[in-house]
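To start, the structure under review is shown below, and the notes come after it.
2 protein chains.
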Amino acid sequence: MNILIIGGGGVVGQKLGRLLATRGHLRGREITRLTLVDIVDPAPIPDAAVPVETATCNIADPASVAGCIGADVDVIYLLAAIVSAQAEEDFDQGYAINLMGTLNVLERARALKTSPVVVFTSSIAVYGGEVPDPILDHSFLNPQTSYGTQKAIGEMLLTDYSRKGYVDGRGFRLPTISVRPGKANRAASSFMSSILREPLNGQEAVCPVDEDFLHYYLSPRKCVENLVKGAELDAEALGQNRCMMMPGRIWSIRQLIDAMTAVAGPQPAGLIRWDSQPEIKRIVSGWRYDLRPEKSLKLGLSADDSFEDNVRYYLEDDRPAG
Amino acid sequence: MNILIIGGGGVVGQKLGRLLATRGHLRGREITRLTLVDIVDPAPIPDAAVPVETATCNIADPASVAGCIGADVDVIYLLAAIVSAQAEEDFDQGYAINLMGTLNVLERARALKTSPVVVFTSSIAVYGGEVPDPILDHSFLNPQTSYGTQKAIGEMLLTDYSRKGYVDGRGFRLPTISVRPGKANRAASSFMSSILREPLNGQEAVCPVDEDFLHYYLSPRKCVENLVKGAELDAEALGQNRCMMMPGRIWSIRQLIDAMTAVAGPQPAGLIRWDSQPEIKRIVSGWRYDLRPEKSLKLGLSADDSFEDNVRYYLEDDRPAG
């Protein structure tokens, strides 16, 4: 079993690499090779039980893609993307990476004539616009960002290439990942992790929305577990649409904070400064959270049981030492 | 008002060109230039009341697209496509024309920085797969052909380029056009026109399905009237999704034939030979016909009043002399 993770340098790619390297098998076969590639060389996987390599790959460049997708690959995880805010600011770059990059990977996979499994991460950013709530398995995709558009197009391509037998694709629309490790960034959703992560690290954080703000969340640990399950699903079970929501759970900001307090005591919540920011509120109020992922739940994917779990996972997996 | 019809050599492009050339105005302004382009030089428009030109254009080639979309264009009709059966057989060509061609046109329009109106013809082939009937304005697009996939992607691109202000796009999913003039072709839907057209021309035709087969139809005359209305819609009225169904009507084969008999007498129906063809039946039984185009009806687009009208339009507009 030869696995390639494209986007292996990101939060999800690194955690997926670690899980696979510990697990040692996928789709009933021993992992004999695990390669992580990204636009910059990904960090190596510590204590790997399987052979792990890292390399650079620019998916916008077909030659680079051909160089990193070898003929003997069995499973390709395509996680690489220009994120939402960047794709909105740099229209050309967003289309080059998120649309043409996806097409380059699918074309290379098709050229191999081995129909490799391709696991593609889409996003709940494909939802929005005129579509009524709740979001069901057959709700229209009406993205209101270029990132969401590019992900929706990637889904369409994945299903068509699978229908033709060129790849065995499966795509999952990721909820907002929280608690996300690392640093705050300029994404409008950044606070959805930072109001927990920074206080748990003993630092102050700003919450720009009200405590009754609702959103749809999944822990990074559960996300990569679902990505492993996603690769292992029977193609026959996927039906005529290879893409689906990945399960998450709806929580309010108040519920997130109460969960943090339940796990880590009252001190962290005191480090949250409430500073209402109308522009952030305007953006995130257009995001959908009432999602009903019936198909993926039926196929065995799952959400977190409680946000307390999300907090515990952060403390166990990601909190910096000291 | 400078109008360009890309795909101006096809059945819809030619009829649209004639309607615009007779009408003489669009969006409240006099038509000062009307250009029809296609992969081969389109037929000229007879008795045009406005200046008409024709030229060749290969939309798969960005340089060709730049050559035919001048800086002073106001309205671009993008009708050109590799049709369903051909896109299914020639995967590369389908993507080159239907996906990259659409992208090339949108990119050229964006480069002009004038936000021209772009009217895009999609197809009810975007529907299928797992999506429950009836098809509503917010039904998921789950195409089961590469052609349908490419059209669905074109829709997504049109909405995103419009959201960014690069074009003022509007897309319409065309019903099956009948009675279509010209010759029978290898499309699985070919019989939906030929069982009427050939008998009306005094020739025999084969019907490969049962008389209770239901489908969703629109006359070519009504189609181009809707495409004119589509260009004239206020951008504000279109909302956050620039693409919608074009209205059609559901009829059985029996209703089509009865309408022909009502208009043209009993002789034509006698020229239909019933020859059940399992492969054609298999393909067309997967097509959706229970469509509810609420949005476009509300915006003033319309379907035919009766299939008798479709028959009359064919006799008035298209039946070869003699």
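Quick note, the sequences are listed as chains A and B, same order.
For the first sequence, UniProt numbering gives the first residue as 1, with consecutive numbering after it.
For the second sequence, UniProt numbering gives the first residue as 1, with consecutive numbering after it.
Cβ atoms here follow ideal geometry from the backbone N, Cα and C, with glycine treated the same way.
Note that this is a predicted model, so its numbers are computed, not measured.
Looking at B/R33 and B/P44, is the spacing between their C-beta atoms short of 8 Å?
-> Their beta carbons are not under 8 Å apart, which means B/P44 does not touch B/R33 by this criterion.
Considering only C-alpha positions, which residue in the set B/R186, B/L106, B/G165 is nearest to B/V83?
-> Residue B/R186 is the option with its Cα nearest to B/V83.
Quick one: what does DSSP say A/V83 is sitting in, helix, strand or coil?
-> DSSP places A/V83 in coil when its eight states are reduced to three.
Just how far apart, CA to CA, sit B/G230 and A/H25?
-> Whole-angstrom Cα-Cα distance: 55 Å.
A/E232 lies in the alpha helix (DSSP H); which residues open and close that run?
-> Taken as a continuous stretch (DSSP letters only), the alpha helix (DSSP H) holding A/E232 covers 220-232.
In three-state terms, what does DSSP make of B/A71?
-> B/A71: coil per DSSP, three-state reduction.
Collapsed DSSP secondary structure at A/A48 in the structure displayed = Coil.
Tell me, which residues are paired with A/E30 by DSSP?
-> In the DSSP output, where bridge partners are listed per residue, A/E30 has A/H25.
Kindly list, in the order they appear in chain A, the residues whose Cβ is closer than 7 Å to that of B/F120.
-> Neighbours of B/F120 across chain A, judged by C-beta separation under 7 Å, do not exist; the nearest C-beta is about 15 Å away.
Nearest candidate by alpha-carbon position, reference A/A85, set A/S146, A/R108, A/T56 = Nearest Cα to A/A85 within the set A/S146, A/R108, A/T56: A/S146.
Thinking B/L291 and B/M245 are a contact (beta carbons under 8 Å), I'd like their distance in whole angstroms, please.
-> Contact between B/L291 and B/M245 holds: CB atoms are separated by about 6 Å, below the 8 Å threshold.
Can you tell me the Cα-Cα spacing of A/G9 and B/L78, whole angstroms?
-> Cα to Cα, A/G9 sits roughly 41 Å from B/L78.
Local Cβ density within 10 Å of B/P199, reported as buried at 16 or more and exposed below that | Buried.
Mind checking if A/V131 is an interface residue toward chain B, Cβ cutoff 8 Å exclusive?
-> Interface residue, yes.
Within the same chain, show all residues whose beta-carbon is closer than 6 Å to that of B/L36, passing over the 5 residues directly before and after it, in chain order.
-> Excluding positions up to five away in sequence, the list reads I5, G8, G17, P42, T54.
From A/P116 to A/L297, what does the alpha carbon distance come to, in whole angstroms?
-> A straight-line Cα-Cα distance of about 24 Å links A/P116 and A/L297.
What residues in its chain sit with their C-beta under 8 Å from that of A/G67, if we drop five residues either side in the sequence?
-> These residues qualify, in order along the chain: C57.
What's the C-alpha gap between A/E308 and A/R180?
-> Between A/E308 and A/R180, the C-alpha separation is close to 14 Å.
Which class does B/V179 belong to by DSSP, given the choice of helix, strand or coil?
-> B/V179: coil per DSSP, three-state reduction.
Using a cut-off of 8 Å between C-beta atoms, extract the partners of B/R170 located in chain A.
-> Against chain A, a Cβ distance below 8 Å from B/R170 picks out nothing, because the smallest value is about 14 Å.
Three-state secondary structure assigned by DSSP to A/D168 = Annotated three-state conformation of A/D168 is strand, per DSSP.
Indicate whether the contact test is met: 3 or more Cβ pairs, each with one atom in the region 123-130 of chain B and one in the region 102-112 of chain A, closer than 8 Å.
-> Counting C-beta pairs closer than 8 Å gives fewer than three between the region 123-130 of chain B and the region 102-112 of chain A, which falls short of the contact rule.
Is A/I253 near the ligand NAD, judged by its Cβ being under 7 Å from some heavy atom?
-> The ligand NAD is absent from the structure shown, which contains no ligands of any kind.
State the start and end residues of the unbroken beta strand (DSSP E) segment that holds A/I3.
-> For A/I3, the enclosing beta strand (DSSP E) stretches over residues 2-6.
Selection from A/E211, A/H215, A/S194 that minimises the alpha carbon distance to A/A205 = For A/A205, the nearest C-alpha among the options comes from A/S194.
Contact set for B/V102: own chain, Cβ-Cβ below 7 Å, skip 5 residues either direction | According to the sequence as given, residue 102 of chain B is Thr; it is not Val. L78, G154, L157.
Where do the ends of the alpha helix (DSSP H) carrying B/F91 lie?
-> Note, B/F91: alpha helix (DSSP H), 91-94.
If you compare alpha carbons, which of B/F120, B/F91, B/D72, B/T149 is closest to B/V228?
-> Comparing C-alpha distances from B/V228 to each of B/F120, B/F91, B/D72, B/T149 shows the shortest one belongs to B/F120.
Classify A/V206 as helix, strand or coil using the three-state DSSP reduction.
-> A/V206 falls in the strand class under three-state DSSP.
Secondary structure of B/Y217, DSSP reduced to three states = DSSP, read as helix, strand or coil, puts B/Y217 in strand.
Since B/Q144 contacts A/Q93 with CB under 8 Å, what's their CB separation in whole angstroms?
-> Not a contact, Cβ separation roughly 33 Å.
Applying a beta-carbon distance threshold of less than 9 Å, which residues of chain A neighbour B/T102?
-> Under the 9 Å cutoff, chain A gives no residues; its nearest Cβ is about 11 Å from B/T102.
Return helix, strand or coil for B/E211, following the three-state DSSP convention.
-> Coil.
B/V118 - partner residues in DSSP beta bridges | Looking at the DSSP output, B/V118 shares a beta bridge with B/I76, B/G169.
Could you give the distance in angstroms between the alpha-carbon of B/S252 and the alpha-carbon of B/V75?
-> Distance between the alpha carbons of B/S252 and B/V75 is about 37 Å.
By how many angstroms is the C-alpha of B/K151 removed from the C-alpha of residue 326 of chain B?
-> With chain B covering only 1 through 322, there is no way to say anything about residue 326 of chain B.
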